[in-house]
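So that you can map any letter, position 92 of the sequence shown is 92 in my numbering, and since no number is skipped, the others follow by simple counting. Using N, Cα and C, we set each Cβ at its ideal position, and we do this for glycine too. Only a predicted model underlies this, so the values are computations on that prediction, with no experimental measurement involved.
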Amino acid sequence: MDKIEEKLDSLEQVLEVLIGRFRNVEIVVGSLAENEPKDYRNEMQSIIGLLERAEQKARWPELASSIAEVGKKLDTSRQKSEVRHHHHLDLRSRSRLWWVMSVFMVVTATVGVATALGIRNHQLHQDAEKFKVVRAFYPKLSNQVEEVYLQHHDAVMVRADSLLRESIAEKKKVKKSGRVKP
């Protein structure tokens, strides 16, 4: 009689451990059902029914078959779930990369051209203001310059370029030597 009671006690302990594990499996299966985008309601209900039946009837053959069925259900639910991997640098996205690079190049070129045009516009604006000052302080001289420019455009431009080069060269010499002309 004592042996039977000991076996029953050990069987009860084993069943309590198995029931605890079944509850853990039920929690895990429930969390899987929440995470899966597909509807596994019927499979989960059958798994929960198997677990409840296993708790009520504590017979070894039924318990083993229930565990086997739970394992099969878990395996089938794992096989049904599909996971798509999104690779952004695969062959299908190569055209997108070309578009991104071409848009980047166009934007870079546009910014470069806009900057160069802005700098040139600023230089022309400064030259126009300088001539406006000369026209205001020396009106006779500015009229003479305009007449000569209209009559002998090419010769005046060549002479002006050479005079500008000479004045720039003199300024560089003065900067290098550190002397200022009196």
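Can residue i and residue j be called in contact, C-beta distance under 9 Å?
i           : j           : result
residue 156 : residue 149 : yes
residue 44  : residue 29  : yes
residue 133 : residue 141 : no
Would you call residue i buried or exposed, if buried means 16 or more other Cβ atoms sit within 10 Å of its Cβ?
i           : result
residue 22  : buried
residue 105 : exposed
residue 1   : exposed
residue 47  : buried
residue 177 : exposed
Quick check on this structure: which residue in the options has the alpha carbon closest to the alpha carbon of residue i?
i          : options              : result
residue 53 : 69, 42 and 41        : 69
residue 27 : 51, 8, 13 and 160    : 51
residue 67 : 19, 143 and 97       : 19
residue 73 : 41, 122, 101 and 118 : 41
Can you name, in chain order, every residue of its own chain whose Cβ lies under 7 Å from the Cβ of residue i, other than the five neighbours on each side?
i           : result
residue 145 : none
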